[in-house]
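> In our numbering, the protein residues as written are 350 to 490.
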């Protein structure tokens, strides 16, 4: 009985991890739940949340807390930066070099241990920028 519980739990966690690895849009827990239900119909939202927490705590995925909104999840755990659109809330990777020296700079005047840093750039994605530009043109006319 215990073996079945562990196996079922691992199957669900593995399905969540595989799904996240196939995505670049940093899905929310609800997005993960909706997708995983296609392959594991009896999975609960609570199970998805627990497994996302376990995967995040174990370092297998990254949890992104974006501007007080819902958390997003990323299977790419390499140090990198993110962009979040202020209009639609989309989150994407930024392909700029990770600044390791920033950790050292921050540690110089800090009485503790700096291990890492997380930066999320904000602004407007291409689609929202175009939409806002269109709205401005329409307003001026």
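In this text, a Cβ means the ideal position worked out from N, Cα and C, and glycines have one as well.
In whole angstroms, give me the CA-to-CA distance for residue 481 and residue 487.
Against the chain shown, residue 481 aligns to sequence position 132. Against the chain shown, residue 487 aligns to sequence position 138. Taking the straight line from one Cα to the other gives about 10 Å.
> Could you name the residues of the same chain whose beta carbon sits closer than 7 Å to that of residue 400, not counting the 5 residues immediately before and after it, in chain order?
Counted from its first residue, the chain shown places residue 400 at position 51. 361, 362 and 365.
> Whose C-beta lies closer than 7 Å to the C-beta of residue 468 among residues of the same chain, with five residues either side of it excluded?
One-based indexing of the chain shown puts residue 468 at position 119. 430.
> Quick check: the Cα distance between residue 445 and residue 432, rounded to an integer number of angstroms?
Locating residue 445 in the chain shown gives position 96, counting from the first residue. Locating residue 432 in the chain shown gives position 83, counting from the first residue. Distance between the alpha carbons of residue 445 and residue 432: 11 Å.
> Once you ignore the five residues that flank residue 354 on each side, which residues in its own chain have a CB closer than 7 Å to its CB?
For the purposes of this step, residue 354 is identified with residue 5 of the chain shown, where counting begins at 1. With a pLDDT of 35 at residue 354, under the threshold of 50, the predicted position of this residue should be treated as unreliable, though the coordinate-derived value follows. Here the set comprises nothing.
> Within 10 angstroms of its Cβ, does residue 460 collect 16 or more other Cβ (buried), or is it exposed?
Taking the first residue of the chain shown as 1, we reach residue 460 at position 111. Result: exposed.
> Once DSSP output is grouped into helix, strand and coil, what is the label at residue 366?
As a first step, residue 366 must be located in the chain shown, where it is residue number 17. The answer is helix: DSSP assigns residue 366 an H, G or I state.
> Considering only the alpha carbon of each residue, which of 398, 438 and 414 lies closest to residue 473?
As a working note, residue 473 is residue 124 in the chain shown. The shortest C-alpha separation from residue 473 is found at 438.
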